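*Asks:* Numbering (my numbering), first residue to last: 1 to 616. Cβ atoms here follow ideal geometry from the backbone N, Cα and C, with glycine treated the same way. It should be emphasised that the depicted structure is a prediction, and the values quoted were computed from it without experimental measurement. Below is one structure. I have some questions about it.
Right, here's the structure in full:
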């Protein structure tokens with residue numbers, strides 16, 4: 001991460017997880033040199049301790065290389081491209097078929113995702129208790145910032161835990177002998193605590209670009225705390241799979257919380273007001289050019305003064321850490337003809353946009369050809385040619401064009417590309433505001449927020465039809481919700497928000513099943529895909545390896561005019577929708593497998609305190 005090293009680590013067996021070595025991140029002092037009172041009365045040492053909380057984002061099995069590529073896959077937005085074997089450890093994490101003994105999450109020297117997040121929470125708890133006891137945050141503005149920072153980070157780690165596992169242990173104090181082994185808590189207990197924590201944190205945090213520490217989007221700021229709070233309130237008030245009871249290993253149902261505090265209009269109003277305060281602050285903005293947004297990300301433009309102010313918070317990595325493009329980027333081969341990609345082997349093209357999404361976009365939507373590109377990089381340029389089919393990373397697929405080594409300034413020579421992971425964008429603030437306004441029966445303000453996002457997606461010549469007429473046709477709450485749901489699909493593919501969105505709307509199972517059926521229909525060119533062409537042409541347009549593609553849009557069936565066009569010798573769409581994708585898109589009913597199981601290593605370490613629900 002582009003952050004200071006940390007000085008604080010613990011070795012503790014804790015309620016189903018083990019704090020593992022932090023050697024990659026630490027310069028450890030002796031206990032006699034540093035104790036809590038010394039650390040949390042000195043601003044520099046306190047900041048080092050706060051950095052320890054950030055450091056767990058960079059653990060191999062956290063957002064570096066396990067949780068990040070596998071959570072949230074196989075919806076109508078994103079899918080895992082290596083679906084050749086539904087029982088494969090990676091595939092099972094994405095196809096609603098993960099088991100507790102998953103080899104990607106059990107074994108090895110590194111803690112799995114679940115453990116990493118609790119390690120981070122313990123580090124946060126140490127900081128929170130130490131700052132409150134010794135740091136005088138009531139009078140010391142910087143200590144107050146650190147407290148707000150770790151309260152927000154702890155809430156974010158719990159957000160990731162609840163997304164992936166549902167009900168988990170609630171650990172809001174540092175580990176004591178009496179609390180080493182904790183059972184699961186109802187997730188509502190955690191929701192209420194972290195929602196309250198974020199309210200407290202926001203009061204202590206400066207806005208983006210307001211102080212030296214919030215000049216970049218790699219440090220927590222007020223807008224992130226408020227935006228995360230709104231996201232959590234939408235989650236907590238929405239639908240999700242819940243066990244009949246925490247000790248019931250089998251029975252469950254899809255339902256909303258029974259806690260009226262979490263489903264009340266009052267709480268939704270709070271979330272709406274939080275978002276309106278971000279909007280009215282004018283500290284965040286939409287980048288006017290959607291394409292430029294992703295150039296900024298890949299070129300490490302982390303300062304709000306140079307990146308347009310849309311990416312409110314990113315998980316930060318340095319050159320030797322972070323594998324975002326390795327999983328999510330455009331597929332690159334090992335020909336080393338690209339100045340930015342100099343590694344041997346295939347990279348990218350593992351997490352891909354679902355092929356049916358291409359045909360869900362309006363053809364005038366500028367986001368489509370940025371979010372979804374049909375090409376890879378090979379032999380000195382972009383190409384749609386078949387590559388090594390035995391290498392599943394090279395399977396024909398659409399790729400996320402927004403994440404491309406060619407957008408970088410750096411040179412990548414290893415698995416780690418160092419590109420930051422976007423967590424919250426201003427576009428999400430606007431669309432959450434639209435959703436909450438609509439839920440609170442404020443249709444016209446909801447339209448206004450949606451309009452801001454949609455305006456950017458279309459050229460001025462197309463806005464009369466695609467923005468003004470589109471919004472004018474929305475006349476009621478249900479239609480507005482559908483429009484917001486669609487807009488989130490078009491705006492955020494490749495950011496892994498869709499699965500949780502579908503869960504809280506109670507649309508996960510039906511959407512995943514419908515998408516699998518649509519993939520098959522697209523393959524066969526039946527139903528709504530009957531007019532998808534079967535012949536694709538490409539041609540080079542410059543000496544930098546860029547190409548032009550014809551034959552993917554509906555109705556592009558004529559031979560393209562002009563020189564240089566080359567006809568593909570295979571049916572691109574048929575290969576994109578290959579049989580393994582059709583057969584392995586999901587292995588179990590997604591609504592009965594909304595969450596991963598707690599992994600066996602964590603069960604074994606829990607002294608019997610932890611069990612799995614949902615029939616695992």
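Would you mind giving the Cβ-Cβ distance between residue 399 and residue 349, rounded to the nearest angstrom? I have them listed as a contact below 8 Å.
*Replies:* Right, their Cβ atoms sit about 6 Å apart.
*Asks:* Go to residue 449, then tell me how far its alpha helix (DSSP H) extends in each direction, as first and last residue.
*Replies:* Segment 443 to 457, the alpha helix (DSSP H) holding residue 449.
*Asks:* Note the first and the last residue of the continuous alpha helix (DSSP H) segment covering residue 231.
*Replies:* Per DSSP, residue 231 belongs to the alpha helix (DSSP H) from 222 to 237.
*Asks:* Could you have a look at residue 94 and say whether DSSP puts it in helix, strand or coil?
*Replies:* Residue 94: helix per DSSP, three-state reduction.
*Asks:* So, residue 614 versus residue 456, is the Cβ gap smaller than 7 Å?
*Replies:* Not in contact: residue 614 and residue 456 (Cβ atoms no closer than 7 Å).
*Asks:* Is it buried or exposed for residue 570, if we count other Cβ within 10 angstroms and need 16 for buried?
*Replies:* Under this definition residue 570 is an exposed residue.
*Asks:* Mark residue 25 as exposed unless 16 or more other C-beta atoms lie within 10 angstroms of its C-beta, in which case mark it buried.
*Replies:* Per-residue confidence for residue 25 stands at a pLDDT of 31, beneath the threshold of 50, marking its modelled position as unreliable; no derived number is given.
*Asks:* Enumerate, from N- to C-terminal direction, the unbroken alpha helix (DSSP H) stretches of 4 or more residues contained entirely within the segment 493 to 519.
*Replies:* Those alpha helix (DSSP H) runs which fall completely within the segment 493 to 519 and span 4+ residues are 498 to 504.
*Asks:* Could you check where the beta strand (DSSP E) with residue 351 kicks off and where it finishes?
*Replies:* Unbroken beta strand (DSSP E) run through residue 351: 351 to 353.
*Asks:* Is it buried or exposed, residue 495, if we count other Cβ atoms within 10 angstroms and call 16 or more buried?
*Replies:* Buried is the call here.
*Asks:* From the DSSP output, which residues share a beta bridge with residue 381?
*Replies:* 378, per the DSSP bridge assignment.
*Asks:* Do you know whose CA, among 229, 198, 177, 189, lies nearest residue 151's CA?
*Replies:* Of the candidates 229, 198, 177, 189, the one whose C-alpha sits nearest the C-alpha of residue 151 is 198.
*Asks:* Given this structure, state the Cα-to-Cα distance separating residue 506 from residue 482, to the nearest angstrom.
*Replies:* The straight-line gap from Cα to Cα measures roughly 13 Å.
*Asks:* Here's the rule I'm using: 16 or more other beta-carbon atoms within 10 Å means buried, otherwise exposed. How should residue 608 be labelled?
*Replies:* Exposed is the call here.
*Asks:* Could you spell out where the beta strand (DSSP E) holding residue 255 opens and where it closes?
*Replies:* Residues 252 to 256.
*Asks:* Any idea if residue 439 is buried or exposed, counting beta-carbon neighbours within 10 angstroms, 16 or more meaning buried?
*Replies:* Burial call: buried.
*Asks:* Could you tell me the alpha carbon to alpha carbon distance between residue 62 and residue 56, rounded to whole angstroms?
*Replies:* Rounded to whole angstroms, residue 62 to residue 56 spans 7 Å at the Cα level.
*Asks:* What number of angstroms, rounded off, separates the C-alpha of residue 116 from the C-alpha of residue 167?
*Replies:* Computed Cα separation, rounded: 17 Å.
*Asks:* Residues in its own chain within less than 6 Å of residue 533 by CB, not counting five upstream and five downstream?
*Replies:* For residue 533, where only same-chain residues beyond five positions count, the Cβ hits under 6 Å are 551, 556, 557.
*Asks:* Given this structure, state the Cα-to-Cα distance separating residue 35 from residue 126, to the nearest angstrom.
*Replies:* Using only the alpha carbons, I get a separation of about 11 Å.
*Asks:* Confirm, please, whether the CB-CB distance from residue 379 to residue 335 is below 7 Å.
*Replies:* Cβ distance < 7 Å, so residue 335 and residue 379 count as in contact.
*Asks:* Using C-beta distances below 7 Å, list every residue in its chain close to residue 597, excluding the 5 sequence neighbours before and after it, in chain order.
*Replies:* Taken in chain order, the residues that qualify are 98, 99, 100, 612, 616.
*Asks:* Just checking my contact of residue 208 with residue 185 at CB under 8 Å: how many whole Å lie between their CB atoms?
*Replies:* 33 Å between Cβ atoms; not a contact.
*Asks:* Identify every residue that forms a DSSP beta bridge with residue 538.
*Replies:* Looking at the DSSP assignment, residue 538 forms a beta bridge with 549, 566.
*Asks:* Considering residue 576, what are the terminal residues of the alpha helix (DSSP H) in which it resides?
*Replies:* That run of the alpha helix (DSSP H) goes 572 to 576.
*Asks:* Give the C-beta separation of residue 566 and residue 526 to the nearest angstrom, bearing in mind that I take them to be a contact with Cβ-Cβ under 8 Å.
*Replies:* 28 Å between Cβ atoms; not a contact.
*Asks:* Measuring alpha carbon to alpha carbon, tell me which of 513, 111, 329 ends up nearest residue 352.
*Replies:* Checking every option, the nearest Cα to that of residue 352 belongs to 329.
*Asks:* In the DSSP assignment, find the beta strand (DSSP E) that holds residue 86 and state where it starts and stops.
*Replies:* Careful: residue 86 lies outside any beta strand (DSSP E) and carries neither H nor E.
*Asks:* If you compare alpha carbons, which of 242, 248, 563, 408 is closest to residue 418?
*Replies:* The option with the nearest alpha carbon to residue 418 is 408.
*Asks:* On the three-state DSSP scale, how would you describe residue 344?
*Replies:* Reduced to three states, the DSSP call for residue 344 is coil.
*Asks:* Starting from residue 617, follow the alpha helix (DSSP H) in both directions and report where the run begins and ends.
*Replies:* The requested residue 617 does not occur in the structure, where the chain is confined to residues 1 to 616.
*Asks:* Could you check whether residue 425 and residue 314 sit closer than 7 Å to each other, using their CB atoms as the reference points?
*Replies:* In this structure, residue 425 does not lie closer than 7 Å to residue 314 by Cβ.
*Asks:* Please list the segments of the beta strand (DSSP E) lying wholly inside the segment 251 to 299, counting only runs of 3 or more residues, in order along the chain.
*Replies:* Listed in chain order, the complete beta strand (DSSP E) runs (minimum 3 residues) inside the segment 251 to 299 are 252 to 256.
*Asks:* Of all the options 135, 107, 554, which has the alpha carbon lying nearest to the alpha carbon of residue 364?
*Replies:* Residue 554 is the option with its Cα nearest to residue 364.
*Asks:* Between the Cα of residue 401 and the Cα atoms of 519, 372, 560, which residue gives the shortest distance?
*Replies:* Among 519, 372, 560, the Cα nearest to that of residue 401 belongs to 372.
*Asks:* Do the CB positions of residue 143 and residue 135 come within less than 7 Å of each other?
*Replies:* Taking 7 Å as the Cβ cut-off, residue 143 and residue 135 qualify as a contacting pair.
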